[in-house]
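Working notes, beginning with the structure itself.
2 protein chains.
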Amino acid sequence: MTRIFATYDIETPVGLAHAADVLAGEQSTGTFVKLASETDELRARSAARVENIRTTSSSNAPSLPSRKTGNTYERGLVTVSWPLNTVGTSLPTLMSTIAGNLFELAEISAIRLTAVQLPKEFGRDNPGPQFGAEGTRAFMGGHTGPLIGTIIKPSVGLRPSETAELVKALVDAGIDFIKDDELQANGPDCPFGERLSAVMRVINDHAEKSGKRVIYAANITDEIDQMWRNLDLMQSVGAFCAMVCLQSVGLSGVRAVRNHSEALIHGHRAGWGLLSRSPDIGVSFDVMQKLWRLAGADHLHVNGLGNKFTESDEVVAESARSVRRPTTSDHSLNDAAMPVFSSGQTIWQIAPSRKVVGNDDFIFCAGGGIMSHPGGPGQGVTALRAAAEAARDGVSLDEMTRQSPALQIATQFFKRPSSP
Amino acid sequence: MTRIFATYDIETPVGLAHAADVLAGEQSTGTFVKLASETDELRARSAARVENIRTTSSSNAPSLPSRKTGNTYERGLVTVSWPLNTVGTSLPTLMSTIAGNLFELAEISAIRLTAVQLPKEFGRDNPGPQFGAEGTRAFMGGHTGPLIGTIIKPSVGLRPSETAELVKALVDAGIDFIKDDELQANGPDCPFGERLSAVMRVINDHAEKSGKRVIYAANITDEIDQMWRNLDLMQSVGAFCAMVCLQSVGLSGVRAVRNHSEALIHGHRAGWGLLSRSPDIGVSFDVMQKLWRLAGADHLHVNGLGNKFTESDEVVAESARSVRRPTTSDHSLNDAAMPVFSSGQTIWQIAPSRKVVGNDDFIFCAGGGIMSHPGGPGQGVTALRAAAEAARDGVSLDEMTRQSPALQIATQFFKRPSSP
């Protein structure tokens, strides 16, 4: 029987084996009030199963406040499986199953969902990324190298016409990719439609003159019907990249965009810290990115190496690699997303980012790393592109500075981060 | 200028005042790279503002792993406000704003969003609960007292016909309300449409014979288009209560159901522990319940007093009270939801639950508390209803047992919980 597997890092005062049984029971047939209708055949057909338990450590105090207490809190990795026939391939139902009431169990004093393995049926019944890296480059009319991008700042406050002026400066600087901030959606002071029209006039003019179609990731995040209106508006003005705040709209919102969309879906993970920040409660990026890609995301934010937030470079690197691995057991599907690096990025992080990804199929967003270049934003983009070429050709930054004055200035101006 | 207010419980190694400034900056204009376009006028118009700071404690170690460290970690409540003109009244955008990238800030070593105050415009632009308690009773053809309900168990494994048989036993027992488990949605072994038809035949037959329309909360949780098909199916067979796993579909999913729905929305909070379990990261129920009600939820799960999970009675009571308070500053709106108590509930928790709510407008779900009654489920329901009448009339359980043999047996059989 085909099954879904999920692995949890849990801590418990009642012993890992018992805690795993409680979790599997709670999340399937319900073990503790055995009813007449709960026959052995029904349980064999429908119950979740504990597949593996591995103890990793123990302590004398619970990591989270807990109703049940004990002298020893055992910690370890527990893998549970569910029959596909019971759960089905709907992503919201999958969430209720693998990330449902289990976080509140009294027998558990810490729990993180760390991994999920999905059978190929999920790839069959969910759309996955419509375009990926190849499609992204096709929209641009062809492009080589990583996409050098930036975020419109200030995050909020610019009127549509002011936004378009800034976009003009950025496309003139030779940028590949421009995105709205996650805070800028459809507020009264900068309505989506007006902003989109003003920005796309600049983007389209630039494409006509230069032959280069710069990507504008317009933040369509909103209620479903409004996102669909936003997508229609985009199509009417030739915009082809919709940014969606994944956690703000929810999984079914992402899928609703994908169903209605002929645009790239640029997945922003605003609010990610809520799931990632604590070692004792949460869901790993590896789990969420699979669901977001199955729902249709083409691009996924992964933070940046040497970022200004709290994730370590190791976590960021693993996130960037994860979005390129298969979502299900069907490895023949082409369902990779493009990782998007951002947060405190400058010329120093380009080569390490490329090394993590293994090729140029990534988006590299810099704010200050472009705008603050002493030679202006044009030089900022030129420097980043030179750094990307150096990384591709296996040439050191130092060597590359001899060919690129913009890069040389950048290496002197931008402080090298303590990592990577 | 009309503003939105949010309060956070934060911990920081850089001092509360500075941490609050960083949070307000990150979540509005972006303070740290001051651009030419970021004029004083723009900031005055658009920036978030720190409204209040109150220190509550301090410690020598961070509660969560943190990039920035210090000798002292100050903890306290910080209130920040945003101009409505910048954010607008879209709930997904509100989420990106009040619960966005701030959880990952390096300056913060713990952060919980504890409260939000919304201007009346949110009530104007969002639908809110369509029916509430009054509408719920109207669907039933009139009803007094709390709704005595139960959950179909085993959670998964029953075929549609087996589910209907169990529902037959429950309606014969005199139950008011029956819900699907959150794990039971539209899996191959028990498809939504077949289950719905089988169950509604029983419910409709019963209504015809008895004049009483029992509520069946059918778990429609799925992708948007499938939820809409499920709602249409419901209407075709006379079903009028749609259960939605709020966190599995996301905020925009709840709103999409409300927009399409002539049914009660029964909001299930599977996965709630992810936001609530840690004292150091998360979002309070008071915040989320406002957003879920604004999106359209008529009923909201609040756990139960003396529950089998981890929340204290104090937290549960506060959750139950919160869903009846106004969602916005417009206190003239009738936007209360019905709280749903469940998890290890028996006759002992009815009076305390009524005391918390202040009246009978609540749903009281018991599983074992009905099915395990020595006299059978019929006596189980009768006992709960007697306990509810006693609570309404201010009569002690002990006194009521003299009038109700079913209640007397229940008080002897069911163990009195240590609380409430």
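In the order they appear, the protein sequences are chains G and E.
Residues in the first sequence are numbered from 1 upward in steps of one, following the UniProt record's numbering.
Residues in the second sequence are numbered from 1 upward in steps of one, following the UniProt record's numbering.
Backbone N, C-alpha and C fix where the C-beta goes; we use that ideal spot for every residue, glycine too.
Status (buried if at least 16 other CB within 10 Å, exposed otherwise) for residue i
i              : result
I223 (chain E) : For the record, residue 223 (chain E) in the displayed sequence is Glu; it is not Ile. Buried is the call here.
G394 (chain G) : exposed
R255 (chain G) : buried
D9 (chain G)   : buried
S161 (chain E) : exposed
H18 (chain G)  : exposed
D335 (chain G) : buried
Q184 (chain G) : buried
D163 (chain G) : According to the sequence as given, residue 163 (chain G) is Thr; it is not Asp. Buried: at least 16 other Cβ atoms inside 10 Å.
A386 (chain G) : buried
R325 (chain G) : exposed
Q27 (chain G)  : buried
Q345 (chain E) : buried
P188 (chain G) : exposed
Opposing strand residues paired with residue i [DSSP bridges]
i                     : result
W82 (chain E)         : E:I4
residue 481 (chain E) : Nothing about residue 481 (chain E) can be reported from this structure: the residues present for chain E run from 1 to 420 only.
L105 (chain G)        : E:F309
F364 (chain G)        : G:I148, G:F341
Q117 (chain E)        : E:F5
T328 (chain G)        : In the DSSP output, where bridge partners are listed per residue, T328 (chain G) has none listed.
L77 (chain E)         : E:D9, E:R54
A217 (chain G)        : G:K179, G:C241
R112 (chain E)        : E:D9, E:G282
S59 (chain G)         : G:Y73
L196 (chain G)        : Partner(s): none; L196 (chain G) has no beta bridge.
L300 (chain E)        : E:G267, E:P339
R49 (chain G)         : G:S81
Residue-chain proximity (residue i, chain E), Cβ-Cβ < 7 Å
i              : result
M234 (chain G) : no
K153 (chain G) : yes
I4 (chain G)   : no
P377 (chain G) : no
P374 (chain G) : no
T31 (chain G)  : Any reading at T31 (chain G) is ruled out, since the residue's pLDDT is 48, under 50, leaving its predicted position unreliable.
R92 (chain G)  : The sequence as given places Pro at residue 92 (chain G); Arg does not occur at that position. Closer than 7 Å to some Cβ of chain E, the Cβ of P92 (chain G) qualifies, so yes.
V50 (chain G)  : no
Beta carbon proximity, residue i to chain G, threshold 7 Å
i                     : result
D172 (chain E)        : no
I178 (chain E)        : no
R293 (chain E)        : no
F103 (chain E)        : yes
residue 422 (chain E) : Given a span of 1 to 420 for chain E in the structure shown, any question on residue 422 (chain E) remains unanswerable.
V257 (chain E)        : no
T221 (chain E)        : yes
G253 (chain E)        : yes
S284 (chain E)        : no
E11 (chain E)         : no
T310 (chain E)        : yes
V22 (chain E)         : no
S278 (chain E)        : yes
Check: residue i C-beta below 6 Å from any heavy atom of the ligand ZN
i              : result
I220 (chain G) : In the structure shown, the ligand ZN is absent, as is every other ligand, since no ligand is present at all.
Neighbourhood of residue i by C-beta, 6 Å cutoff - its chain only, sequence neighbours within 5 removed
i              : result
F341 (chain E) : G304, S353, F364
Sequence-distant residues of the same chain with beta carbon closer than 8 Å to residue i, five excluded per side
i             : result
R67 (chain E) : A106
Neighbourhood of residue i by C-beta, 7 Å cutoff - its chain only, sequence neighbours within 5 removed
i              : result
F32 (chain G)  : With a pLDDT of 45 at F32 (chain G), under the threshold of 50, the modelled position of this residue cannot be trusted; read the value that follows with caution. So the list reads G25, once near-sequence residues are dropped.
V199 (chain E) : T163, A164, V167, Y216
S109 (chain E) : E11, T12, P13, P62, S63, L64, S66, Y73
G282 (chain G) : R112, L275, S276
Residue i: contacting residues in chain B (beta-carbon distance under 7 Å)
i              : result
P188 (chain E) : The structure shown contains no chain B; the protein chains it does contain are G and E.
Is the number of C-beta pairs between the stretch 164-176 of chain E and the stretch 210-222 of chain E that are closer than 8 Å three or more? With a cut-off of 8 Å, the stretch 210-222 of chain E and the stretch 164-176 of chain E count as touching, because enough Cβ pairs lie within range.
Can at least three beta-carbon pairs, one atom from the stretch 47-59 of chain G and one from the stretch 68-86 of chain G, be found at a separation below 8 Å? yes
Would the stretch 265-280 of chain E count as touching the stretch 93-108 of chain G if we require 3 or more Cβ pairs under 8 Å? yes
Can we say the stretch 112-124 of chain E touches the stretch 83-99 of chain E, given the rule of at least three CB pairs closer than 8 Å? A contact exists between the stretch 112-124 of chain E and the stretch 83-99 of chain E.
Any chance the stretch 308-316 of chain E sits against the stretch 250-266 of chain E, with 3 or more Cβ pairs inside 8 Å? no
Given 8 Å as the limit, is there contact between the stretch 130-149 of chain E and the stretch 258-270 of chain E, that is, 3 or more CB pairs closer than that? Contact between the stretch 130-149 of chain E and the stretch 258-270 of chain E is present: three or more C-beta pairs spanning the two stretches fall below 8 Å.
Three or more beta-carbon pairs under 8 Å between the stretch 373-383 of chain E and the stretch 391-408 of chain E, yes or no? yes
Touching or not, the stretch 321-336 of chain G and the stretch 365-375 of chain G, by the rule of three or more beta carbon pairs under 8 Å? no
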